[in-house]
Every structure is written in structure tokens, then in C-alpha cells.
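Novice: Attaching a single structure in C-alpha cells format; questions to follow.
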Amino acid sequence: MSIQRLPDWHQIEQPVVISLKTARHHLWGNVAVYLGLFLFIIELLGARWGHSQALRADAFNNLSGIFSTGLLMTGLFIASRTHDDDLFGAPIAPAEQQQLGPRIQQSRFRFETIFNLLAGTIMAAIGIDIIIKGVMTFATRTPFKNLSSIAGLAAGFSFVVLLVLWAFNHYWSRKLNNAALTAASRDTFTDALTSLTTVLTILVTVKLHLQWFDNLISIGLGLYILNTGTKIFRESSLNLVDYFDPYLEDRYQRRIADLTSVRKVIFLKAHYDGNLIMLRATIVVPPRMTAIEITRLIETINQIMWQEFGVMETDVMITTSY
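So the sequence shown is residues -12 to 309, counted in the numbering used here.
Below is the structure:
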């Protein structure tokens, strides 16, 4: 005997879509700071007038923040759309909309991952450009210009603004428990620390008259941006090909196997749809279990996987023999 629990997709879809829309609305605050206050332009002009390569690198780091926020919002917008007759401009037949609605919506959720991948690519390209320019300055022995206080003021302004933005993102990410806002909170905190590093670099360069130190730090910031972009690209690529951490899958399997009514877990596979973890499992139970007991067991597994591991949906197949 085998029983498969069909997921109630509408119960899954509704809170996820609401979360995506809420995250997108709050991310407008990030756009307002990055674009409305012209952080990139202020830092770029400060770097040019103040002759600071580190500040220039910080400016392009904030530019990557503009791209990543914009792409993330686009991905969230596509992922949160429901009951449409198209998928990113491609038509969907009415019959397919009714029969394969969950699959189509899960495909929409993956657009969030796709746009994260694009953001990572742009960040990596910006990092490479900064590194090349910094190395070329050393290689061609370009004479270093004295830094002015303008560079320090621009970096200090960026640090204060980004610190306030981080507090905003951190507050709402904790209140809404939203993955996208949590990621935005981490990004802005990192950007604020980068601006603080730039401020300290400019102070050290001016006080100790180490003009090469500013350029060296700019290369370091370029390497940091490249590393961050590469990590985002790698994680997004792995999510798109349905890779999942085998050690985490092993933890899922051991947790389900620990339940009294479960004799054995004979299959388990997890994957990402956007930021959502979906899980399929086949378990062996005693042959005398009633349908009501099996239903309760499946509900218990779903509740445990959600509360302890954040798994959005666990699709369980039951068998009494193996």
C-alpha cells in the first residue's frame, strides 16, 4: 500500500506571495537611498576631486548594490504574480494553467534566483574592473596624487546613510521574517562596513602620507566585490540546477527517521524554488496503521520540517513494505 499526500498548493502559495510582495515594497527604501540620495555619484565625484582610488572602489560597490536591489525587486515582482495567462511574456494555455498551476507558480519563484544570478554576474564584473585599474596603476607606476578632505567627507556621508539603511532593513527583516529583506540587511551592513573601511583608509593615507596605501585598499575592495559576486553566482547556479546540500538532506532524513511511526526513510530529495525549500520523501510505516494515523503522521512531518528547518513543503509518500 502506498499513499501520497498531495500538497494544498493554495495554502503554500498565498503566504509566499504575500511575503514576496511585502519584501518588494520595503526594498523601495533601498532604492530611495541608493538612487534618491545619489550615493554613487557623490562618492564618484568625491573620489575624483579627492584623488582616492579606495573611494572610487566603494562607489562602484554601491553601484553594484543598485543593480542587485533592482534585479532582486524585478525577480520578486515576477515571482509574486499569480493567475496570469503568461510566464515572463510566454503564453500559457488555459488548460495548463488549471492543471499545472503549482508548477507554473514554482517556475515564477525561480525568477528570483535568476535575477540574483544576474546581480552576482554584474558584481563580479565590477570587481574585476576595479582590480584591473588598481593593478595597472602600480604596473605603469602612475604618480599618486595627494588625497584631500573631500574624499573623507564623501566616504563618511556614505557610511552614515548606509548605517541608517541597514537599521531599516534589519528591523523589517526581523519583524516580517523575510529572506529577501534579511539578504538586503546583510548587504547594506557589508556596504556600510566597506564605507567605514574607506574612511579609515583615507585617514591613514593622509596622516601617514602613504599614497600607495589607498590604491592597495581599492584592489582589496575589488577582490571583495569579486568574491561576493562569485558566491552569489555560484549559489544561484546551484539552486537553478536543483543542487542541495547533502549534509542538510542527511539531517532531514535522520530527523524523519527518528519518529516513532517511521520504520525507514527510503528516499529523500530537497530542492529550492526561489528561496523556498521543497522536500520529497518516501517512508516505510507499519502495515497496520490506519488512514487517519497516516494523515496525522504526514501532518506531523510537515510541521516538524517547517518549524525546525524552514522547509516550506514536504511531499510525503507512504509505503508499508520495502
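Beta carbons: idealized from backbone N, C-alpha and C, even for Gly.
Which value, in whole angstroms, describes the spacing of the CA atoms of D178 and A138?
Specialist: Mapped onto the sequence shown, residue 178 falls at position 191. Mapped onto the sequence shown, residue 138 falls at position 151. Cα to Cα, D178 sits roughly 17 Å from A138.
Novice: Just reading off the beta strand (DSSP E) that M265 is part of, what are its end residues?
Specialist: Locating residue 265 in the sequence shown gives position 278, counting from the first residue. Where M265 is concerned, the enclosing beta strand (DSSP E) stretches over 263 to 271.
Novice: Count the other C-beta atoms from every protein chain shown that fall within 10 angstroms of the C-beta of T127, then say buried if there are 16 or more, exposed otherwise.
Specialist: Taking the sequence shown and counting its residues from 1, the one referred to as residue 127 is at position 140. With fewer than 16 other Cβ atoms within 10 Å, it is exposed.
Novice: Following the continuous beta strand (DSSP E) through Y259, name the residue where it begins and the one where it ends.
Specialist: Along the sequence shown, read from residue 1 onward, the residue named residue 259 stands at position 272. Element bounds for Y259: 251 to 260.
Novice: Figure out for me which residue from N49, L266, G107 has the closest Cα to the Cα of A257.
Specialist: Your numbering for residue 257 matches position 270 in the sequence shown. Ranking N49, L266, G107 by Cα distance to A257 puts L266 first.
Novice: Beta-carbon separation of V272 and I219 under 7 Å?
Specialist: The residue given as residue 272 occupies position 285 in the sequence shown. The residue given as residue 219 occupies position 232 in the sequence shown. No; because the gap between Cβ atoms is not below 7 Å, this pair is not in contact.
Novice: How is the alpha helix (DSSP H) around D201 delimited, first residue to last?
Specialist: For this step, residue 201 is matched to residue 214 along the sequence shown. First-last of the alpha helix (DSSP H) with D201: 198 to 227.
Novice: Assign T215 to one of two classes, buried (16 or more other C-beta atoms within 10 Å of its C-beta) or exposed (fewer than that).
Specialist: Taking the sequence shown and counting its residues from 1, one reaches residue 215 at position 228. The residue in question, T215, is buried, as its Cβ has 16 or more Cβ neighbours within 10 Å.
Novice: State the beta-bridge partners of T30 as determined by DSSP.
Specialist: For the purposes of this step, residue 30 is taken as residue 43 along the sequence shown, with counting starting at 1. In the sequence under discussion, the amino acid at residue 30 is Glu, which differs from the Thr named in the question. Answer is none; E30 lacks a bridge partner.
Novice: Let me know the secondary structure DSSP gives M299 once reduced to three states.
Specialist: Numbered from its first residue, the sequence shown carries residue 299 at position 312. Residue state, collapsed to three classes: strand.
Novice: What are the boundary residues of the alpha helix (DSSP H) that L237 is part of?
Specialist: Locating residue 237 in the sequence shown gives position 250, where the first residue counts as 1. Note that residue 237 is Asp in the sequence shown, not Leu. Here the alpha helix (DSSP H) through D237 covers 233 to 244.
Novice: Consult DSSP for T181 and reduce its assignment to one of helix, strand or coil.
Specialist: By one-based count along the sequence shown, residue 181 stands at place 194. Looking at T181 - three-state DSSP - the assignment turns out to be helix.
Novice: May I ask you to report which of helix, strand or coil DSSP gives F25?
Specialist: Translated into positions along the sequence shown, residue 25 becomes position 38. Note: F25 maps to coil in three-state DSSP.
Novice: Which residues in the same chain have their Cβ closer than 7 Å to the Cβ of L149, if we skip the five residues on either side of it in sequence?
Specialist: Taking the first residue of the sequence shown as 1, we reach residue 149 at position 162. Same-chain partners within the cutoff: T175, D178, A179, S182.
Novice: Below 8 Å on the Cβ atoms is my guess for L208 versus A44; work out the distance and round it to an integer in Å.
Specialist: Within the sequence shown, residue 208 is the residue found at index 221, counting from 1. Within the sequence shown, residue 44 is the residue found at index 57, counting from 1. About 4 Å; that satisfies the 8 Å criterion.
Novice: To which residues of the same chain is G143 closer than 6 Å at the C-beta, ignoring the five residues directly before and after it?
Specialist: As a working note, residue 143 is residue 156 in the sequence shown. V186, listed in sequence order.
Novice: For L104, count neighbouring C-beta atoms within 10 Å of its own C-beta (all shown protein chains included) and say buried if the count is 16 or more, exposed if not.
Specialist: Numbered from 1 along the sequence shown, position 117 holds the residue referred to as residue 104. The residue is buried, with at least 16 neighbouring Cβ atoms inside 10 Å.
Novice: Quick one: grab the DSSP three-state call for H38.
Specialist: Mapped onto the sequence shown, residue 38 falls at position 51. Residue state, collapsed to three classes: coil.
Novice: Does DSSP classify R275 as helix, strand or coil?
Specialist: Sequence index remark: in the sequence shown, residue 275 carries index 288 (1-based). Coil at R275, not helix or strand.
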